[in-house]
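Written out below as structure tokens is the structure these notes cover.
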Amino acid sequence: MCLWPLGMRDRNSIRPMSLEWEQVVVDAAQPAELGRWWANALGWVVVFEAEDEFEIRPAPDRLPGLVFVPVGDRRLTKNRLHRASARMTKRPR
Numbered sequence: 036m037c038l039w040p041l042g043m044r045d046r047n048s049i050r051p052m053s054l055e056w057e058q059v060v061v062d063a064a065q066p067a068e069l070g071r072w073w074a075n076a077l078g079w080v081v082v083f084e085a086e087d088e089f090e091i092r093p094a095p096d097r098l099p100g101l102v103f104v105p106v107g108d109r110r111l112t113k114n115r116l117h118r119a120s121a122r123m124t125k126r127p128r
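Just so it is clear: in the sequence shown, position 32 is 67 by our numbering, and no numbers are missing.
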């Protein structure tokens, strides 16, 4: 069984890839309400709002942001956080 992506013959052909920390994902029962609270508390701006996602950032073009998403099940423990990374499209300055 091959565990390498198609076109790669061995792990020596893998090239490093830069990642950028894009956002922290927060599971929430009421994403918009919690997101607005954090935006106000941190002095951040809302950059995206939809029924299933609410994102805030320090400034519209600054990363990382906080993304609040709905969670279907009722939490009996602490909320989970997920760090999301994205492939960098340009080099940092």
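Built from N, CA and C at the ideal position, the CB exists for glycine as well. These numbers were taken from a predicted model, which means no experiment stands behind them.
When the options are compared against residue i, the one with the closest alpha-carbon
i: E68; options: W79, L77, F89; result: F89
i: R92; options: V60, P105, E86; result: V60
i: L54; options: P105, V81, P99, F103; result: P99
Through-space distance from residue j to residue i, alpha-carbon basis
i: D108; j: N75; result: 27 Å
i: C37; j: G78; result: Annotation note: pLDDT 48 at C37 (below 50); position unreliable, coordinate value reported separately. If you take the alpha carbons of C37 and G78, they lie about 48 Å apart.
i: V106; j: E86; result: 12 Å
i: R81; j: R50; result: According to the sequence provided, residue 81 is Val. The question's Arg does not apply to it. Using only the alpha carbons, I get a separation of about 36 Å.
i: R71; j: Q58; result: 16 Å
Range covered by the beta strand (DSSP E) that runs through residue i
i: P105; result: 100-105
Closer than 9 Å to chain D by CB, residue i
i: L98; result: Absent here is chain D; the protein component of the structure consists of one chain.
Residue interval of the alpha helix (DSSP H) (run including residue i)
i: W72; result: 66-77
Supposed close pair residue i, residue j - CB separation, criterion 8 Å
i: L101; j: W73; result: 6 Å
Residue i CB to nearest heavy atom of the ligand SAM below 8 Å
i: G78; result: Of the ligands one can find in the structure shown there are none, so the ligand SAM has no counterpart to examine.
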